[in-house]
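Asker:
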Amino acid sequence: MPKRPTSQPAAPQPASHGSNSSEFQIDLQGLIKLLAKHLYAEADVFVREMLQNAHDSVKRRRELQGEGAPEGVIRVKIDWEAATISFTDNGAGMTEQEVKEYLSTIGRSGTEAFRQNLVQKGRQADVTVIGQFGIGLLSAFIVADRVVVETLSWQSGNPAWRWESSGEKTYDLTPGEREVPGSTVTLYINDNYRDMLLPEELRRAIRKYADFLPVSIYLNDDEAPANAVNAPWHKHYDNPKEEVLEMAIFVAKRFPDNPLATIPIHLKDPKVDGVLYVSDNRVPDINTSGFVDVYQSRMFVMEANREMLPIWAKFVRGIIDSPALTLTAARDAVQQDAIQKEIKEQLGQEVIKHLTQFSKDDPIRFQRLCDWHHYHMKGMALKDDKFFRAVADLIPFETNQGPMSLSAYFEEAKRQGQSETDLLYFDERGSATQFYMLCEARGLLVVDASQVFEDDFLEQYGKLHPEIKLRQLNIGESNVIFEALNPEDQIEFRQLEQEFTRGMPDRRSIAKAVRFKPESIPALSVLSAAAKNRQKLKQAGDNVALPEEVRKLVKDVLQGEQSVPVTLYLNADNPTVQQLAKMSQSEDKIDACMAIYNNSIMLINQVLTASNAEVMFKSFSRVIDRMITQTDRTQKLEGQITQLKLRLDEKEQELRTQAAAQNSSQTEHISCFVAMPFDKPLQPLLAALKMVLEDKPYGWEVIRADDSLLGLTISANVEAHIARSHCYLADISDKNPNVFLEIGAMGHYKGRPLIYLCREDAQEEIAADLKGILYHPYTQWNREQPDIEALAQQLRSELGRRTDLDSLKNAGQKTFLSADVLVRYDQCNQGLANIISQNYKTVEAFLAASLEDIADALNLTRNADKGAIEDAQDFLKRHFGLGG
Numbered sequence: 001m002p003k004r005p006t007s008q009p010a011a012p013q014p015a016s017h018g019s020n021s022s023e024f025q026i027d028l029q030g031l032i033k034l035l036a037k038h039l040y041a042e043a044d045v046f047v048r049e050m051l052q053n054a055h056d057s058v059k060r061r062r063e064l065q066g067e068g069a070p071e072g073v074i075r076v077k078i079d080w081e082a083a084t085i086s087f088t089d090n091g092a093g094m095t096e097q098e099v100k101e102y103l104s105t106i107g108r109s110g111t112e113a114f115r116q117n118l119v120q121k122g123r124q125a126d127v128t129v130i131g132q133f134g135i136g137l138l139s140a141f142i143v144a145d146r147v148v149v150e151t152l153s154w155q156s157g158n159p160a161w162r163w164e165s166s167g168e169k170t171y172d173l174t175p176g177e178r179e180v181p182g183s184t185v186t187l188y189i190n191d192n193y194r195d196m197l198l199p200e201e202l203r204r205a206i207r208k209y210a211d212f213l214p215v216s217i218y219l220n221d222d223e224a225p226a227n228a229v230n231a232p233w234h235k236h237y238d239n240p241k242e243e244v245l246e247m248a249i250f251v252a253k254r255f256p257d258n259p260l261a262t263i264p265i266h267l268k269d270p271k272v273d274g275v276l277y278v279s280d281n282r283v284p285d286i287n288t289s290g291f292v293d294v295y296q297s298r299m300f301v302m303e304a305n306r307e308m309l310p311i312w313a314k315f316v317r318g319i320i321d322s323p324a325l326t327l328t329a330a331r332d333a334v335q336q337d338a339i340q341k342e343i344k345e346q347l348g349q350e351v352i353k354h355l356t357q358f359s360k361d362d363p364i365r366f367q368r369l370c371d372w373h374h375y376h377m378k379g380m381a382l383k384d385d386k387f388f389r390a391v392a393d394l395i396p397f398e399t400n401q402g403p404m405s406l407s408a409y410f411e412e413a414k415r416q417g418q419s420e421t422d423l424l425y426f427d428e429r430g431s432a433t434q435f436y437m438l439c440e441a442r443g444l445l446v447v448d449a450s451q452v453f454e455d456d457f458l459e460q461y462g463k464l465h466p467e468i469k470l471r472q473l474n475i476g477e478s479n480v481i482f483e484a485l486n487p488e489d490q491i492e493f494r495q496l497e498q499e500f501t502r503g504m505p506d507r508r509s510i511a512k513a514v515r516f517k518p519e520s521i522p523a524l525s526v527l528s529a530a531a532k533n534r535q536k537l538k539q540a541g542d543n544v545a546l547p548e549e550v551r552k553l554v555k556d557v558l559q560g561e562q563s564v565p566v567t568l569y570l571n572a573d574n575p576t577v578q579q580l581a582k583m584s585q586s587e588d589k590i591d592a593c594m595a596i597y598n599n600s601i602m603l604i605n606q607v608l609t610a611s612n613a614e615v616m617f618k619s620f621s622r623v624i625d626r627m628i629t630q631t632d633r634t635q636k637l638e639g640q641i642t643q644l645k646l647r648l649d650e651k652e653q654e655l656r657t658q659a660a661a662q663n664s665s666q667t668e669h670i671s672c673f674v675a676m677p678f679d680k681p682l683q684p685l686l687a688a689l690k691m692v693l694e695d696k697p698y699g700w701e702v703i704r705a706d707d708s709l710l711g712l713t714i715s716a717n718v719e720a721h722i723a724r725s726h727c728y729l730a731d732i733s734d735k736n737p738n739v740f741l742e743i744g745a746m747g748h749y750k751g752r753p754l755i756y757l758c759r760e761d762a763q764e765e766i767a768a769d770l771k772g773i774l775y776h777p778y779t780q781w782n783r784e785q786p787d788i789e790a791l792a793q794q795l796r797s798e799l800g801r802r803t804d805l806d807s808l809k810n811a812g813q814k815t816f817l818s819a820d821v822l823v824r825y826d827q828c829n830q831g832l833a834n835i836i837s838q839n840y841k842t843v844e845a846f847l848a849a850s851l852e853d854i855a856d857a858l859n860l861t862r863n864a865d866k867g868a869i870e871d872a873q874d875f876l877k878r879h880f881g882l883g884g
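With UniProt numbering as the guide, the letters of the sequence shown map in order to residues 1 to 884.
(1) Could you tell me the distance, in whole angstroms, from the CA atom of D145 to the CA atom of M247?
(2) What are the boundary residues of the beta strand (DSSP E) that includes D422?
(3) Could you spell out the range, first to last residue, of the alpha helix (DSSP H) harbouring C439?
(4) With respect to the alpha helix (DSSP H) encompassing V182, which residues constitute its N-terminal and C-terminal limits?
(5) With a CB to CB cut of under 6 Å and the five nearest residues on each side skipped, what residues in its chain are close to L524?
(6) For T861, count neighbouring Cβ atoms within 10 angstroms of its own Cβ and tell me buried if that reaches 16, exposed if not.
(7) In this structure, how does DSSP classify D707 when only helix, strand and coil are distinguished?
(8) Just to confirm, are L267 and S322 a CB contact at a threshold of 9 Å?
(9) Looking only at C-alpha atoms, which of A872, W80, A54 and E694 sits nearest to E150?
(10) Should T328 go down as buried or exposed, given a rule of 16 or more other Cβ atoms within 10 Å for buried?
(11) Alpha carbon to alpha carbon, how far is I352 from V391? Give it in angstroms, no decimals.
(12) What's the call for R61, buried or exposed, on a 16-neighbour Cβ count within 10 Å?
(13) Apart from the five residues just before and just after F875, which ones in its own chain have a Cβ nearer than 6 Å to its Cβ?
(14) Taking only the alpha-carbon atoms, compute the straight-line gap between P366 and F358 and give it to the nearest angstrom.
(15) Under 7 Å Cβ to Cβ from I217, same chain only, skipping five residues before and after it: list those, please.
(16) Within a Cβ cutoff of 8 Å, which residues of the same chain sit near V692, ignoring the five residues on either side of it in sequence?
(17) Do Q472 and Y375 have their C-beta atoms closer together than 9 Å?
(18) Which residues does DSSP list as the beta-bridge partners of C727?
(19) Could you say which of I249, L219, A324 and V244 lies nearest to P270 if we only look at CA atoms?
(20) How about the region 824-843 and the region 718-729: do they share at least three Cβ pairs that are nearer than 8 Å?
(21) How is A572 classed by DSSP in three states: helix, strand or coil?
(22) Measure the Cβ-Cβ separation of P753 and L805 and say whether it is below 9 Å.
(23) Starting from K386, trace the alpha helix (DSSP H) in both directions and tell me its first and last residue.
(24) Could you check whether T567 and A513 sit closer than 9 Å to each other, using their CB atoms as the reference points?
(25) Give the range of the beta strand (DSSP E) segment to which P677 is assigned.
(26) Exposed or buried, which one is M583 when buried takes at least 16 other CB atoms within 10 Å?
(27) For V294, is the classification buried or exposed, using 16 other Cβ atoms within 10 angstroms of its Cβ as the cut-off for buried?
(28) With distances taken Cα to Cα, identify the nearest neighbour of Q760 among P786, D257 and I732.
(29) Beta carbon of I320, beta carbon of L347: below 9 Å?
(30) Could you give the C-beta distance for F457 and L382, rounded to a whole number, given that I count them as a contact under 8 Å?
(31) Considering just the uninterrupted stretch of the alpha helix (DSSP H) at N599, what are its terminal residues?
(32) Compute the Euclidean distance between the alpha carbons of S166 and V147, then round it to the nearest angstrom.
(33) Does the distance from the C-beta atom of I604 to that of V480 stay below 9 Å?
(34) Less than 9 Å between the C-beta atoms of L757 and P786, yes or no?
(35) Since S183 contacts G93 with CB under 8 Å, what's their CB separation in whole angstroms?
(36) So, is Y825 buried or exposed, given that buried needs 16 or more other C-beta atoms within 10 angstroms?
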């Protein structure tokens with residue numbers, strides 16, 4: 001088919017009579033490429049436009065053909081050799097007329113025509129299409145020298161067509177060879193943009209622009225789609241908590257920061273879906289702003305839009321998708337019209353609503369959020385009156401009883417009997433320790449408003465609630481913290497006030513005697529008005545939002561200040577201050593006064609100026625000199641203490657020796673000492689050992705170090721147990737140091753068997769090849785429901801292989817009377833069994849005693865108990881094979 005131009009220059013038309021107007025003359029040569037390169041900011045935007053056209057074609061076919069339409073698929077293929085990228089869809093395709101109208105007419109959009117048809121049918125809400133301006137194909141000419149479209153309409157009877165253009169004023173339209181409905185757009189990539197032929201680059205662009213497009217997009221021969229298809233807000237959730245969790249996971253994967261709070265967004269009018277979150281990215285800059293990534297009908301528009309959130313939402317990030325937004329022609333920005341402003345307002349309301357509910361549902365995490373963003377939340381509340389009213393009662397402040405909101409402060413103050421209208425606070429940074437002590441002593445609740453913006457926040461809160469009276473403690477309100485002295489006491493402390501005032505480095509400082517609690521504190525320093533101004537200057541010098549020259553000027557001014565003026569409040573109820581007031585002038589008194597002053601300065605964490613540092617250095621040096629002069633006396637006292645300690649040690653050793661001698665003889669029954677940690681998880685092992693060794697054929701007593709104390713100390717108790725025992729067991733699974741110390745003590749008794757036990761899960765660390773030689777393994781039990789019987793059976797088998805235990809079994813020793821054995825075989829209850837075993841150590845002694853003697857010894861009066869004693873005797877005789 002011969003090449004035929006379809007666009008002709010407009011012929012000049014004669015102007016109407018009496019008019020000077022004329023028509024524009026347009027030269028299309030190069031205009032298409034010029035529009036493409038200057039309309040779109042990023043080269044890869046052609047991916048968005050090609051995928052959008054394919055998506056709309058799929059949606060159009062599904063709407064027109066109905067249930068017979070196939071599942072929509074888009075395939076993107078790269079041909080490196082031919083330098084082409086093709087976009088293929090199985091959508092509606094185009095007829096010859098549609099090709100001429102929509103591909104060859106700039107500004108005419110097939111999607112827009114289809115959308116208007118949907119509007120007329122009332123189906124716009126059911127079918128989402130994206131295209132708007134009819135210029136998307138222009139984007140191909142950013143990266144391509146030539147574009148070829150092969151298309152076949154889904155309507156039968158229409159032939160395939162091939163459209164080709166190099167971005168000039170003409171195009172070619174010829175019959176095509178496509179056999180299945182749909183379209184393929186092939187871009188012949190310019191050498192300057194060959195990087196787009198790299199699969200990773202193209203995959204990145206697909207994810208960037210079309211990750212949530214509701215049509216699967218396949219790259220090359222991939223079996224899995226390159227796009228995610230659905231975001232969390234596209235799904236249905238039966239449980240709101242499940243939605244928040246999935247959105248939080250999504251945010252954590254997509255963004256570099258972690259969400260402190262996650263806010264699902266589902267607005268109806270205008271329609272907006274997405275997710276907002278409070279970021280953990282803390283930037284101390286009041287000029288920063290919150291931002292969101294913007295999508296329209298699942299297609300990416302732009303990232304980090306800073307105009308969609310209220311100015312106060314500086315700590316909020318997220319993603320929104322709204323078909324209602326008005327985009328620019330390039331569709332890479334949002335027009336700031338009435339719809340945008342309405343969405344901005346509603347997003348702010350959603351954030352406030354969520355924060356309000358969050359403060360009630362999870363106050364601990366809300367506190368963390370406010371701590372993280374207190375700078376922005378409190379700062380912006382002062383700038384935005386609406387935001388202030390919303391959060392004024394939610395944002396927590398530090399108090400001497402922990403963080404709490406201002407509404408909670410008044411509730412707690414009322415509960416403690418404090419005034420319901422007084423808000424006590426201080427704003428000296430670094431003074432929390434001393435003001436907390438002062439208020440705790442008086443039973444007062446106080447707010448720490450020393451952080452930036454906080455004192456202004458409280459003032460604004462007071463204006464919002466006129467009934468509230470703000471009472472600032474660090475201005476010396478005598479009726480709250482400091483109690484003035486009566487005239488007689490003033491005379492008593494006047495001399496001391498003058499002595500303190502003369503010693504302080506800044507001549508503007510004064511000392512004043514008052515009374516305050518607690519009495520243990522001798523003095524407190526409170527910043528003067530000049531010192532507070534200095535503190536504010538320092539905050540300004542540290543504020544990175546201020547210009548560098550301003551911050552440098554502030555720092556220069558601060559360096560010129562050699563000292564800080566304070567008011568030193570002396571506590572007239574403190575014994576040290578009372579004693580100083582009565583002392584005559586001396587160097588010791590001067591040093592004591594300066595030490596009190598220094599401590600008060602350090603208590604408020606005050607800036608250490610050069611003058612203060614010099615005074616402190618001299619004062620501490622004098623104290624050190626006096627300490628050195630007392631060295632001889634101290635050494636003599638220490639010598640006396642050492643001699644006394646030696647005597648006590650000798651007496652302790654003597655008592656230990658006596659206890660060891662008293663308890664060194666072995667028991668008349670076989671005793672087995674078990675070295676093992678005292679921690680609770682090992683109790684099943686001890687129970688299993690008792691089940692084996694205290695029962696037949698052994699009849700031995702199992703002892704652990706924490707059993708009844710025999711000596712004066714724990715170490716003496718262990719030594720006595722080891723000395724009295726006939727054999728030893730040691731659990732070495734956890735390499736417990738106490739166990740190995742006990743093993744060392746066992747080494748003194750060479751002829752007594754020593755058996756090591758080790759859990760199988762610890763054998764690799766202990767040396768698995770020594771299993772059965774150095775130690776006997778046992779299986780770790782289920783911690784929830786340990787099977788003691790199974791563990792006992794395993795230990796019974798392991799110990800049965802020890803020939804050195806056979807000699808002990810045949811040694812003719814008496815049989816240990818175990819309460820556990822009586823209970824295990826249902827011979828009596830635990831209480832009676834314990835009484836029997838405590839009074840009769842061996843079965844033989846129990847059998848030798850008469851029923852009357854046992855009843856008297858155990859103080860038993862009931863016939864049932866006597867019957868139980870008889871039953872127990874009969875059982876033990878038969879069980880252990882004793883007697884006739």
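The C-beta atom is built at its ideal place from N, Cα and C for all residues, glycine as well.
Answerer: Answer, in terms of the structure:
(1) By 1-based counting over the sequence shown, the position of residue 145 is 145. By 1-based counting over the sequence shown, the position of residue 247 is 247. Rounded to whole angstroms, D145 to M247 spans 42 Å at the Cα level.
(2) Looking up residue 422 in the sequence shown gives position 422. From DSSP, the beta strand (DSSP E) with D422 extends over D422 to F426.
(3) For the purposes of this step, residue 439 is taken as the residue at position 439 of the sequence shown. Segment A432 to R442, the alpha helix (DSSP H) holding C439.
(4) Numbered from 1 along the sequence shown, position 182 holds the residue referred to as residue 182. Looking at the sequence provided, one finds Gly at residue 182 rather than Val. Where G182 is concerned, there is no enclosing alpha helix (DSSP H), although the beta strand (DSSP E) it sits in stretches over G182 to I189.
(5) For the purposes of this step, residue 524 is identified with residue 524 of the sequence shown, where counting begins at 1. Closer than 6 Å at the Cβ level, and outside the excluded window around L524, lie Q434, Y569 and S600.
(6) Numbered from 1 along the sequence shown, position 861 holds the residue referred to as residue 861. Exposed, because fewer than 16 other Cβ atoms sit within 10 Å of the Cβ of T861.
(7) What you label residue 707 is simply residue 707 of the sequence shown in a count that begins at 1. In the structure shown, D707 sits in coil (DSSP, three-state: anything other than H, G, I, E or B).
(8) Working through the sequence shown from its first residue, we reach residue 267 at position 267. Working through the sequence shown from its first residue, we reach residue 322 at position 322. Yes, they are a contact pair.
(9) As a first step, residue 150 must be located in the sequence shown, where it is residue number 150. For the residues A872, W80, A54 and E694, the minimum Cα distance to E150 belongs to A54.
(10) As a working mapping, residue 328 is identified with position 328 in the sequence shown. T328 should be labelled exposed.
(11) In the sequence shown, the residue the question calls residue 391 occupies position 391. In the sequence shown, the residue the question calls residue 352 occupies position 352. Each residue's Cα considered, the two are about 8 Å apart.
(12) As a first step, residue 61 is located in the sequence shown; it is residue number 61 there, counting from the start. With 16 or more Cβ atoms within 10 Å of its Cβ, R61 is classed as buried.
(13) In the sequence shown, residue 875 corresponds to position 875, counting from 1. For F875, where only same-chain residues beyond five positions count, the Cβ hits under 6 Å are Q827.
(14) Against the sequence shown, residue 366 aligns to sequence position 366. Against the sequence shown, residue 358 aligns to sequence position 358. Checking the sequence, you will find Phe at residue 366 rather than Pro. Cα to Cα, F366 sits roughly 6 Å from F358.
(15) Translated into the one-based positions of the sequence shown, residue 217 becomes position 217. Excluding sequence neighbours, I217 sits near L51, I74, V76, I206, A210, P225, A226 and N227.
(16) Start at 1 with the first residue of the sequence shown, and residue 692 comes out as number 692. Closer than 8 Å at the Cβ level, and outside the excluded window around V692, lie Y698, A792, L795, R796 and L799.
(17) For the purposes of this step, residue 472 is taken as the residue at position 472 of the sequence shown. For the purposes of this step, residue 375 is taken as the residue at position 375 of the sequence shown. Against a cut-off of 9 Å, the Cβ pair of Y375 and Q472 comes out as no contact.
(18) The residue given as residue 727 occupies position 727 in the sequence shown. Looking at the DSSP assignment, C727 forms a beta bridge with C672.
(19) For the purposes of this step, residue 270 is identified with residue 270 of the sequence shown, where counting begins at 1. Nearest of I249, L219, A324 and V244 to P270, Cα basis: A324.
(20) no
(21) As a first step, residue 572 must be located in the sequence shown, where it is residue number 572. Coil.
(22) The residue you call residue 753 lines up with position 753 of the sequence shown. The residue you call residue 805 lines up with position 805 of the sequence shown. The answer is yes: Cβ separation under 9 Å.
(23) In the sequence shown, counting from the first residue as 1, residue 386 sits at position 386. First-last of the alpha helix (DSSP H) with K386: D385 to V391.
(24) What you label residue 513 is simply residue 513 of the sequence shown in a count that begins at 1. What you label residue 567 is simply residue 567 of the sequence shown in a count that begins at 1. No, the Cβ-Cβ distance between A513 and T567 is not below 9 Å.
(25) Here residue 677 is taken as the residue at index 677 of the sequence shown, counted from 1. No beta strand (DSSP E) contains P677, which DSSP labels as neither H nor E.
(26) By 1-based counting over the sequence shown, the position of residue 583 is 583. Exposed: under 16 other Cβ atoms inside 10 Å.
(27) By one-based count along the sequence shown, residue 294 stands at place 294. The residue in question, V294, is buried, as its Cβ has 16 or more Cβ neighbours within 10 Å.
(28) Here residue 760 is taken as the residue at index 760 of the sequence shown, counted from 1. The displayed chain sequence assigns Glu, not Gln, to residue 760. The candidate whose alpha carbon is nearest that of E760 is I732.
(29) Working through the sequence shown from its first residue, we reach residue 320 at position 320. Working through the sequence shown from its first residue, we reach residue 347 at position 347. Taking 9 Å as the Cβ cut-off, I320 and L347 qualify as a contacting pair.
(30) Stepping through the sequence shown from its first residue, residue 457 is reached at position 457. Stepping through the sequence shown from its first residue, residue 382 is reached at position 382. About 6 Å; that satisfies the 8 Å criterion.
(31) For the purposes of this step, residue 599 is taken as residue 599 along the sequence shown, with counting starting at 1. Counting along the chain, the alpha helix (DSSP H) containing N599 begins and ends at E587 to L603.
(32) On the sequence shown, position 166 is the one that residue 166 refers to. On the sequence shown, position 147 is the one that residue 147 refers to. Cα to Cα, the separation comes out at about 6 Å.
(33) For the purposes of this step, residue 604 is taken as residue 604 along the sequence shown, with counting starting at 1. For the purposes of this step, residue 480 is taken as residue 480 along the sequence shown, with counting starting at 1. Against a cut-off of 9 Å, the Cβ pair of V480 and I604 comes out as no contact.
(34) On the sequence shown, position 757 is the one that residue 757 refers to. On the sequence shown, position 786 is the one that residue 786 refers to. Not in contact: L757 and P786 (Cβ atoms no closer than 9 Å).
(35) Counting from one through the sequence shown, the residue named residue 183 turns up at place 183. Counting from one through the sequence shown, the residue named residue 93 turns up at place 93. Right, their Cβ atoms sit about 6 Å apart.
(36) Working through the sequence shown from its first residue, we reach residue 825 at position 825. Exposed, since its Cβ has fewer than 16 Cβ neighbours within 10 Å.
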